[in-house]
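Chemist: The structure that follows is given in the form of structure tokens.
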Amino acid sequence: MIPHKTARGAAALDRVKLFEGIPAPYDKQKRMVIPDALRVQRLRPGRKYTALGRISVEYGWKYSDVVAKLEDKRKAKSAAYYQRKAALVALQKKAVASKEGELKDINASLAALGH
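According to the numbering used here, the sequence shown holds residues 6 to 120 in order.
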């Protein structure tokens, strides 16, 4: 509920950005989860809730299937990225383990400096 008739509320409505799906400047950014905003954290068990997408469809929004398809595509890309990242981390650990003997002196001097 925004007090849209006041100057403060009108200014707040001017700052609101609404998008269908994830728009171009934001789709490449890493997404984060804010734990304090999770429904599990904020709502009482048994409390009724609804999703904005469902309300929009009930009021005549026609593009939910397009957004769902794009979301599935984004999830597939995200899963592929995670697999590549996990493989890279495993490769780095293997490389560090194989050169641990050569890096023993360097690690000792870094530990003496507090790193």
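Every residue gets a Cβ at the ideal spot worked out from N, C-alpha and C, and that includes glycine. Given the structure is predicted, the values throughout are model-derived calculations rather than measurements.
Given this structure, state the Cα-to-Cα distance separating Ala85 from Leu48, to the nearest angstrom.
Modeler: As a position in the sequence shown, residue 85 is number 80, starting the count at 1. As a position in the sequence shown, residue 48 is number 43, starting the count at 1. Their Cα atoms are separated by approximately 33 Å.
Chemist: Taking the alpha carbon of Phe24 as the point to measure from, which residue in Ile111, Ala117, Met6 and Leu57 has its own alpha carbon closest?
Modeler: Sequence index remark: in the sequence shown, residue 24 carries index 19 (1-based). For Phe24, the nearest C-alpha among the options comes from Leu57.
Chemist: Using DSSP with H/G/I as helix, E/B as strand and the rest coil, what is Gly58?
Modeler: Counting from 1 along the sequence shown, the entry for residue 58 is found at position 53. Gly58: helix per DSSP, three-state reduction.
Chemist: Using only alpha-carbon positions, find the residue among Gln46, Gln88, Gly26 and Ala17 that is nearest to Asp70.
Modeler: Residue numbering aside, residue 70 sits at position 65 when the sequence shown is read from its first letter. Per the Cα distances, Gly26.
Chemist: Give the DSSP-derived three-state secondary structure of Lys35 in the structure shown.
Modeler: Taking the sequence shown and counting its residues from 1, the one referred to as residue 35 is at position 30. Coil.
Chemist: Which residues in the same chain have their Cβ closer than 8 Å to the Cβ of Ile7, if we skip the five residues on either side of it in sequence?
Modeler: The residue you call residue 7 lines up with position 2 of the sequence shown. The answer, listed in chain order, is Gly14, Ala17 and Leu18.
Chemist: Specify, as a first and last residue, the run of the alpha helix (DSSP H) that Tyr86 falls within.
Modeler: For the purposes of this step, residue 86 is taken as residue 81 along the sequence shown, with counting starting at 1. Here the alpha helix (DSSP H) through Tyr86 covers Ser69 to Ser103.
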